[in-house]
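Accompanying notes for the structure given below.
Residue numbers (UniProt numbering): 1 to 336.
The structure is reproduced here in structure tokens:
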């Protein structure tokens with residue numbers, strides 16, 4: 001972290017970061033200072049952040065989310081409290097410490113709420129959450145416990161952090177992301193989101209995220225990744241659609257857990273839909289209820305043919321779920 005601050009204060013014009021690796025192998029990427037300055041300026045203006053505002057920095061500063069928290073602080077003259085990334089970062093600061101602005105990954109926000117820190121969060125002006133999807137259980141906790149605006153971010157290393165935001169709680173909650181001013185959003189032939197702006201150095205960034213784009217009001221709804229499609233018997237099954245249904249069903253059964261869906265080699269279908277759920281196997285009755293819920297809400301080819309319970313998922317260095325590494329680590333899946 002200190003090395004990043006030193007680079008910035010010394011006037012470095014280029015910064016080398018590594019992508020998170022959540023959707024592919026981690027790769028180095030070079031960002032120019034002007035891109036980072038543009039991102040910090042846009043966020044600072046949007047949230048009216050200025051000198052003296054207190055920000056908690058609890059993300060890994062070797063990745064874009066943490067680095068941009070530092071840059072925002074330095075550019076907007078914020079009062080920064082920097083702590084080591086951990087599940088409950090508020091456990092590392094005095095109980096009387098107050099903050100106006102913070103950014104968490106979902107794992108951290110879940111832990112902070114579970115530790116009873118909601119009153120402290122509600123004293124803030126704004127909270128950002130990003131880096132991974134927010135599951136149904138966490139969304140319900142945010143909506144029930146937090147009155148401070150909580151915004152889900154959309155962005156990546158190539159866009160210098162977030163370029164779109166979605167409100168998760170309160171009367172202004174929505175299912176759509178709103179693109180920030182000055183960012184041009186479009187779609188390619190696959191229906192995947194494209195982005196261009198000062199944060200991309202005016203280069204077109206083509207994502208693998210399929211969206212429903214509403215150009216008239218600069219919003220989009222995220223539909224899933226184009227590269228997370230399972231071809232099962234010639235039927236294309238969007239893995240993330242099945243994940244969403246699975247996630248909601250687990251929450252309804254009172255057993256919220258991390259989960260993901262992937263294709264499993266199948267002699268007849270080519271790929272069969274397999275659901276991977278973190279933690280011990282569910283009791284037989286609960287599993288039967290889960291399967292019934294999935295059967296009622298998914299088409300015949302979308303329903304998971306395998307249910308695999310994994311003691312603990314693998315994660316990337318930035319705390320995101322690493323599907324590929326988790327699948328590689330599975331030696332003898334408990335197929336039910």
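Glycine is no exception: its CB is placed at the ideal position from the N, C-alpha and C atoms.
Classify residue 47 as helix, strand or coil using the three-state DSSP reduction.
As a first step, residue 47 must be located in the chain shown, where it is residue number 47. Residue 47: helix per DSSP, three-state reduction.
Express the C-alpha separation of residue 18 and residue 370 in angstroms, rounding to a whole number.
Nothing about residue 370 can be read from this structure; the chain reaches only from 1 to 336.
Outcome for residue 12 when other beta-carbon atoms lying within 10 angstroms are tallied against a minimum of 16
Residue mapping note: residue 12 aligns to position 12 of the chain shown, counting from 1. So residue 12 ends up on the exposed side.
Inspect the beta-carbon positions of residue 124 and residue 99 and report whether they are closer than 8 Å.
Numbered from its first residue, the chain shown carries residue 124 at position 124. Numbered from its first residue, the chain shown carries residue 99 at position 99. Yes.
C-beta atoms of residue 195 and residue 210 nearer than 8 Å
Counted from its first residue, the chain shown places residue 195 at position 195. Counted from its first residue, the chain shown places residue 210 at position 210. No, Cβ-Cβ distance for residue 195 and residue 210 is not below 8 Å.
Determine the DSSP secondary structure at residue 221, reduced to helix, strand or coil.
For the purposes of this step, residue 221 is taken as the residue at position 221 of the chain shown. Three-state DSSP puts residue 221 in a strand.
Contact under 8 Å by Cβ, residue 6 with residue 67:
Here residue 6 corresponds to residue number 6 of the chain shown, with the count starting at 1. Here residue 67 corresponds to residue number 67 of the chain shown, with the count starting at 1. Not a contact, by the Cβ cut-off of 8 Å.
Over the uninterrupted alpha helix (DSSP H) stretch that includes residue 107, give me the two end residues.
Numbered from its first residue, the chain shown carries residue 107 at position 107. Looking at the DSSP string, the run of the alpha helix (DSSP H) that includes residue 107 is 106 to 114.
Suppose contacts are defined by Cβ-Cβ distances below 8 Å. Is residue 158 in contact with residue 105 by that definition?
The residue given as residue 158 occupies position 158 in the chain shown. The residue given as residue 105 occupies position 105 in the chain shown. No, the Cβ-Cβ distance between residue 158 and residue 105 is not below 8 Å.
Determine, using beta carbons only, whether residue 143 and residue 113 come nearer to each other than 8 Å.
Taking the chain shown and counting its residues from 1, one reaches residue 143 at position 143. Taking the chain shown and counting its residues from 1, one reaches residue 113 at position 113. Contact: no.
Through-space distance from residue 111 to residue 141, alpha-carbon basis:
As a first step, residue 141 must be located in the chain shown, where it is residue number 141. As a first step, residue 111 must be located in the chain shown, where it is residue number 111. C-alpha separation (whole angstroms): 11 Å.
Does the contact criterion of 3 or more C-beta pairs under 8 Å hold for the stretch 163 to 176 versus the stretch 287 to 298?
no
Got a sec? Which residues, its chain only, sit under 6 Å from residue 130 by beta carbon, not counting five neighbours each side?
In the chain shown, counting from the first residue as 1, residue 130 sits at position 130. If we look at residue 130 and ignore the five residues flanking it on each side, its Cβ neighbours are 153.
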